[in-house]
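J.: Once you know that position 52 of the sequence shown is 51 in numbering that gives the first Met the number 0, the rest is easy, because the numbers rise by one and skip nothing. Positions of the beta carbon are idealized from the N, C-alpha and C atoms, including for glycine. Handing you a structure now.
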Amino acid sequence: MREALAGGAGGVVVCDVGGLGPPGLAAVDLLARLELTARRAGGRIRLRDAGPALVALLGLVGLRLQTEGQVEQREPPLGVEEAVETGDPAG
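Below is the structure:
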């Protein structure tokens, strides 16, 4: 982890977790240790291909990690624009 962060990855190491299988506490422990090591080296980790079950389990234990490919809740997906028509009632 320290070598990856020293290699100029912009302070972020991407971890592909798509092949972990069903999430469990062993995966949570591993990811927590990776994040701790990354933070100590001045960086962070970002998860690639994290399934909804893993994201939910990480949230349940209070471990909020960055993930790739997820649109933030407050922003519409790319290519989707919100519009208001003048005849719509406020609500």
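1. In three-state terms, what does DSSP make of L57?
2. According to DSSP, is D15 helix, strand or coil?
3. Using only the alpha-carbon positions, how far apart do L4 and E34 sit?
4. Measuring only the C-alpha atoms, how far is L46 from T66?
5. Return the CA-CA distance between L64 and I44, expressed in angstroms with no decimal places.
6. Among residues of its own chain, excluding the 5 on either side of P21, which ones have a beta-carbon nearer than 8 Å to its beta-carbon?
T.: In this structure, then:
1. Along the sequence shown, one-based indexing puts residue 57 at 58. If DSSP states are grouped into helix, strand and coil, L57 belongs with the helices.
2. In the sequence shown, the residue the question calls residue 15 occupies position 16. If DSSP states are grouped into helix, strand and coil, D15 belongs with the strands.
3. Counting from one through the sequence shown, the residue named residue 4 turns up at place 5. Counting from one through the sequence shown, the residue named residue 34 turns up at place 35. Their backbone Cα atoms lie some 12 Å apart in a straight line.
4. Your numbering for residue 46 matches position 47 in the sequence shown. Your numbering for residue 66 matches position 67 in the sequence shown. Cα to Cα, the separation comes out at about 5 Å.
5. Within the sequence shown, numbered from 1, the residue matching residue 64 stands at position 65. Within the sequence shown, numbered from 1, the residue matching residue 44 stands at position 45. Roughly 7 Å separates the two Cα atoms.
6. Against the sequence shown, residue 21 aligns to sequence position 22. Excluding positions up to five away in sequence, the list reads A52.
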